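Residue 80 in the numbering used here sits at position 29 of the sequence shown, and the numbers go up by one each step.
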Amino acid sequence: MGPAKAALKATWSGNALELSRKSTFTAQDGSERTSSENRKLSLSGDGKVLTAIVHSEGGRGGPTDSTLVFNK
């Protein structure tokens with residue numbers, strides 16, 4: 052894999068923190084590839100549960116959506 056460039060962004064959307072990343076790199080075959088990931092993080096009202104909704108594109112196998120739940 053060759054040199055990569057990445058752009059990162061963090062914004063508030065109401066009570067949720069939105070994080071985005073977009074990367075562009077040169078693959079071994081010389082082609083330019085792009086991958087991206089968006090995360091929306093929110094904390095429950097009592098502060099005991101963190102939920103992360105994740106959307107990724109550009110990886111092997113196509114786009115993916117995941118929901119991660121972390122309990123304190």
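All C-beta atoms in this analysis are idealised placements derived from N, C-alpha and C, irrespective of residue type, glycine included.
Bear in mind that the values here come from a model prediction, so they are computed numbers and not experimental data.
Item	Value
So what does Ser82 bridge to, in DSSP terms?	Beta-bridge pairing links Ser82 to no other residue.
With hydrogens ignored, establish whether the beta-carbon of Ser107 is closer than 7 angstroms to any heavy atom of the ligand PLP.	The ligand PLP is absent from the structure shown, which contains no ligand whatsoever.
Beta strand (DSSP E) containing Asn122: first to last residue?	115-122
What three-state label does DSSP hand Asn66 in the structure shown?	coil
Helix, strand or coil for Lys73? Go by DSSP, reduced to three states.	strand
Distance check for Val120 and Asp97, CA to CA, integer angstroms please.	14 angstroms
If we ignore side chains and look at the alpha-carbon of each, how far apart do Lys56 and Thr85 end up?	10 angstroms
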